[in-house]
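Notes to accompany the following structure.
Numbering (my numbering), first residue to last: 12 to 138.
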């Protein structure tokens, strides 16, 4: 087994681990949002919705401004799947939105602190 095969195997394992951590985080945030919106559902439904939102969010995030588009799509998925209003769909997505804003702000601060100007740091994250 050469070095390339080892690195490729470790990369695949790393990608799977990151995917599972992100999915678990999405499930927890959707669960918090459902409780916040006072929607009566079970964990199996929350897991299904979270998996759908997570996969669609990953796909859409490759489009310019895809982060913002994925939040709008996630609110729509919440509205349709939980059979609720737009307001409650947004409330379900609120914990995820708050965490996303915090992570983006921390990433911009880290990039600026490492020597990039604020414009290029923001463009690097959003595009």
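By construction, the Cβ of each residue, glycine as well, lies at the ideal position given by its N, Cα and C atoms.
{"Check": "Helix, strand or coil for residue 76? Go by DSSP, reduced to three states.", "Outcome": "coil"}
{"Check": "What does a CB cutoff of less than 6 Å around residue 61 pick up in its chain, not counting 5 residues either side in sequence?", "Outcome": "37, 38 and 41"}
{"Check": "To the nearest angstrom, how far is it from the Cα of residue 45 to the Cα of residue 29?", "Outcome": "24 Å"}
{"Check": "According to the neighbour-count rule (16 or more other Cβ atoms, all chains shown, within 10 Å of its Cβ), is residue 102 buried or exposed?", "Outcome": "buried"}
{"Check": "Going by CA-CA distance only, name the one from 99, 124, 93 and 98 that's closest to residue 53.", "Outcome": "93"}
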